[in-house]
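Down below is the structure, laid out as structure tokens.
Protein chains: 2
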Amino acid sequence: MVQLRDVARRLKLSITTVSRALDGYDDVAEATRTRVVRAARQMGYTPRRAARQLRRQRADVIGYVLPASEGHFADSFFAEFIAGLGDGAVALGFDLLVSTAAPKSAAERQIYCRWIQSSVVDGFILSRMRVGDWRVIHLAREGIPFVAHGRAQPRAMHPYIEVDSRAGFAQLVAHLAGRGFRRIAYVGASPDIALQVERSAGYREGLEAAGIPFDDSLVLEGDLTRQGGYSAALRLLALPEPPTAIVGANDLTAIGALRAAREKGLTAGRDIAIAGYDGTEESAHTQPPLTTLQQPIYETARSLVHMLVARIGGEGSLEDPHVVLQPRLIIRESTGG
Amino acid sequence: MVQLRDVARRLKLSITTVSRALDGYDDVAEATRTRVVRAARQMGYTPRRAARQLRRQRADVIGYVLPASEGHFADSFFAEFIAGLGDGAVALGFDLLVSTAAPKSAAERQIYCRWIQSSVVDGFILSRMRVGDWRVIHLAREGIPFVAHGRAQPRAMHPYIEVDSRAGFAQLVAHLAGRGFRRIAYVGASPDIALQVERSAGYREGLEAAGIPFDDSLVLEGDLTRQGGYSAALRLLALPEPPTAIVGANDLTAIGALRAAREKGLTAGRDIAIAGYDGTEESAHTQPPLTTLQQPIYETARSLVHMLVARIGGEGSLEDPHVVLQPRLIIRESTGG
DNA sequence: TTGTAGGCGTTATCAA
DNA sequence: TTGATAACGCCTACAA
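In the order they appear, the protein sequences are chains A and B. No gaps in the numbering here: position 172 of the first sequence is 171 in numbering that gives the first Met the number 0, and each next residue is one more. No gaps in the numbering here: position 31 of the second sequence is 30 in numbering that gives the first Met the number 0, and each next residue is one more.
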């Protein structure tokens, strides 16, 4: 383990000078600096994180808690999201601390509190926002920097990047209505998940715009998994007057619906239209390929890290940045191609 | 920010005593301990990570570098793997540091070296092993604890948990041969990826056992993505004498092949058999559902963390644990049901 | 331009 | 059983 002392000793300089030379202060002679830098590199010196952190009172670490219900889950959305967070963090010299906890669980609370109290992280990335999200309230009160993917309230005051899924779903329903579908079902999520609020509103907006009356029996609650989409779709298809189109709150839900349709002997894209939301790679490889609203998961994650780091650095704390992106409707075979 | 000093002051005790009471030393009076513990909890005390780390010379952090090629990727295998790592770490009081880098890239090397040099992590979880993996060599030389998912060499000397994919593929090929398929193709991965060595060997073993001659033209190199599986399968199906079955090195490859088959007007499970490996949830929801070899991703990740923490703690350093699990063949419709 | 000294919050050693 | 004291490695006023 090589540390400042070693480099200093070798160069017959003081620890102070070495430290400042390395940190790019302008009160060291250029000649000294080059010597120091060269020696440090050659000796393989890297500052001890713990020491620097203790002294500077910041960790250069951001935290992210994966919303993993019941341990198991396999949503490639999050694989891509984490890849974006990781790349973003590396690019800015930050590290990414990851944990997992079921939403709203005691474990979740513990993780956030522990990370805050022991100052392991400088800020948080939040995703899968809930209505009245305690994390938002808590972090805001504690003064811990955070940015969210989506927002906890219609008129949220925290910094976020959001994809306008409301407009997206309205557009999607318009697309279906344009193809002549009138009985359009929607499989959503628990009403306390923020995205459900937005997406179901977009669905209703789309119906209204198309002059289709809202039918309560065509709206079911899923859980954003393939399984959830599957069983909800089965129930819909068992209705006396089943829907001719099913819209899922995300791609996984729609993929579950595809399976249900097939088991009922229906061919998606011909006998029934099915569409999702997210635009993960998986949606391009289903049979038939899935119509979906694509959101830039990777890029959003990267941007979130940038926003967060800016806030940690204390920039732009006057105004909370609210970024709204538009999803892109990708029409594939599952709605007729 | 409440620290030892505050608790000590409040209780009119020394910092030392408080520290030891909290850490469970047995040289503090029981009465004192209860007072301390209560006060600490009430005041919301948690040790500063950086300080503890600096003093104890260990971080209680494990590192994992996600093999993300070109930034983007969406493999739910890794979502599940990370969930397992996260849960395992939490259960043992460790934190999980995650970064992303393309395999063999300079960035990858940098991350490992930086984490080692600045002692941010106590050990590493390795996955997606490569033949002659530099990480294994480097970490072993530096004496940094690590455990691997899979192994870098046929006779690897490092600790690992492996799923016997060789036996698995042999079993899979036997299954296909038993159904009368003779022209069985294999879409694998780059030959420097360790799993390719194992899986392709299992494939050949299976052919041999079934008395099917090995046909070079039926083996293609994919890249473990849906896209890769898709284009490889297209090439296979364009052969003068196309295969009647396609085995993918993982589920994503097989899913790409499903798509290719469909575009060629073939119905999987009837006109052609297709099978994968991993047993992710996605494989259960394809059309038709995919025959696959299931490996316990989540549990393996958890176990890896346990193994690693044991090694960090210095236990069992005499012998490297080598755990071998058996995959489970799940027969679904894509091979005839 | 360089060096000295003190402290960030904990834990460990030793003495009381 | 408890307390004073000295590190852990780094950063930064301040002095030289």
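Here a beta-carbon is modelled for each residue, glycine too, at the ideal position from N, C-alpha and C. Please read these numbers as outputs of a predicted model, since none were measured by experiment.
Check, Outcome
"Does the beta carbon of B:I330 sit closer than 7 Å to a beta carbon anywhere in chain A?", "no"
"Looking at chain B, which residues of the stretch 288-302 of chain A have a Cβ within less than 7 Å of any of its Cβ atoms?", "Y297"
"Measuring alpha carbon to alpha carbon, tell me which of A:L233, A:D215, A:V246 ends up nearest A:R261.", "A:L233"
"Mapping DSSP to helix, strand and coil, what is A:Y111?", "helix"
"B:D74 versus chain A: which residues are under 7 Å apart at the beta carbon?", "S75, A78"
"Enumerated in chain order, which unbroken segments of the beta strand (DSSP E) with a length of 3 residues or greater are wholly contained in the stretch 10-95 of chain A?", "60-66"
"Between A:G247, A:Y159, A:D277, A:A105, which has its C-alpha nearest A:V172's C-alpha?", "A:G247"
"Rank A:H174, A:A188, A:R178 by C-alpha distance to the C-alpha of A:E204 and give the top, closest one.", "A:H174"
"Between the Cα of A:P289 and the Cα atoms of A:I330, A:H321, A:P326, A:Y297, which residue gives the shortest distance?", "The sequence shown places Leu at residue 289 of chain A, rather than the Pro named in the question. Among A:I330, A:H321, A:P326, A:Y297, the Cα nearest to that of A:L289 belongs to A:I330."
"How far does the alpha helix (DSSP H) with A:L138 in it extend, from its first residue to its last?", "133-141"
"Closer than 9 Å, Cβ to Cβ, to anything on chain B: give me those residues from the stretch 101-118 of chain A, in chain order.", "A106, Q109, I110, C112, R113, W114, I115, Q116, S117, S118"
"Compare the beta carbon distance of B:T279 and B:D319 with 7 Å and say whether it is the shorter of the two.", "no"
"Please state whether DSSP places A:I330 in a helix, a strand or coil.", "coil"
"Can you confirm whether the stretch 118-130 of chain B touches the stretch 140-152 of chain B when touching is taken to mean that 3 or more C-beta pairs between the two stretches lie within less than 8 Å?", "yes"
"Can you list, in chain order, the residues of the stretch 262-287 of chain B whose Cβ is nearer than 9 Å to any Cβ on chain A?", "A267, T279, E280, E281, A283, H284, T285, Q286, P287"
"List the DSSP bridge partners of A:F123.", "A:G62, A:F145"
"Is A:A67 close to chain B? Criterion is C-beta to C-beta, closer than 7 Å.", "yes"
"Between B:A200 and B:L219, is the Cβ-Cβ spacing less than 7 Å?", "no"
"Counting pairs of Cβ atoms below 8 Å between the stretch 251-258 of chain B and the stretch 266-278 of chain B, do you hit three or more?", "yes"
"Going by the beta-carbon positions, is the gap between B:V64 and B:S98 smaller than 7 Å?", "yes"
"Look at the alpha carbon of B:T291 and the alpha carbon of B:I211, and state the distance between them as a whole number of angstroms.", "21 Å"
"Chain A partners of B:R258, CB-CB under 9 Å?", "A283, H284, T285, Q286, P288"
"With 7 Å as the threshold, decide whether the Cβ of A:G70 is near any Cβ in chain B.", "In this prediction, A:G70 has a pLDDT of 49, which is less than 50 and means its spatial position is unreliable; nothing more can be read from the coordinates."
"Which residues, taken in chain order from the stretch 24-50 of chain A, show a beta carbon closer than 9 Å to some beta carbon of chain B?", "G43, Y44, T45, P46, R47, R48, A49, A50"
"B:V35 to B:L84, Cα distance in whole Å?", "33 Å"
"Given this structure, state the Cα-to-Cα distance separating B:V322 from A:A30, to the nearest angstrom.", "55 Å"
"Could you check how far apart the C-beta atoms of B:I245 and B:L235 are, in whole angstroms? I think they sit under 8 Å.", "6 Å"
"Fully enclosed by the stretch 232-268 of chain B, which alpha helix (DSSP H) runs are 4 residues long or longer?", "250-262"
"At what residues does the beta strand (DSSP E) containing A:Q195 begin and finish?", "Looking at the DSSP string, A:Q195 is not in any beta strand (DSSP E); the run it does join, the alpha helix (DSSP H), is 193-209."
"Which chain B residues are close to A:A52, counting only those with a beta carbon under 7 Å from its beta carbon?", "A small fix is needed here, since residue 52 of chain A is Gln in this sequence, not Ala. Under the 7 Å cutoff, chain B gives A49."
"Looking at chain A, which residues of the stretch 11-25 of chain B have a Cβ within less than 8 Å of any of its Cβ atoms?", "none"
"Against A:T99, what residues of chain B qualify as contacts under a CB-to-CB distance less than 8 Å, listed in chain order?", "I81, A82, G85, D86, V89"
"What do you reckon, are the CB atoms on B:R19 and B:V27 nearer than 7 Å?", "yes"
"Would you list the residues sitting across from B:E161 in a DSSP beta bridge?", "B:V323"
"What separation, rounded to the nearest whole angstrom, lies between the Cα atoms of B:V1 and A:P242?", "59 Å"
"Which one or two residues does DSSP pair with A:T291 in a beta bridge?", "A:G275, A:I329"
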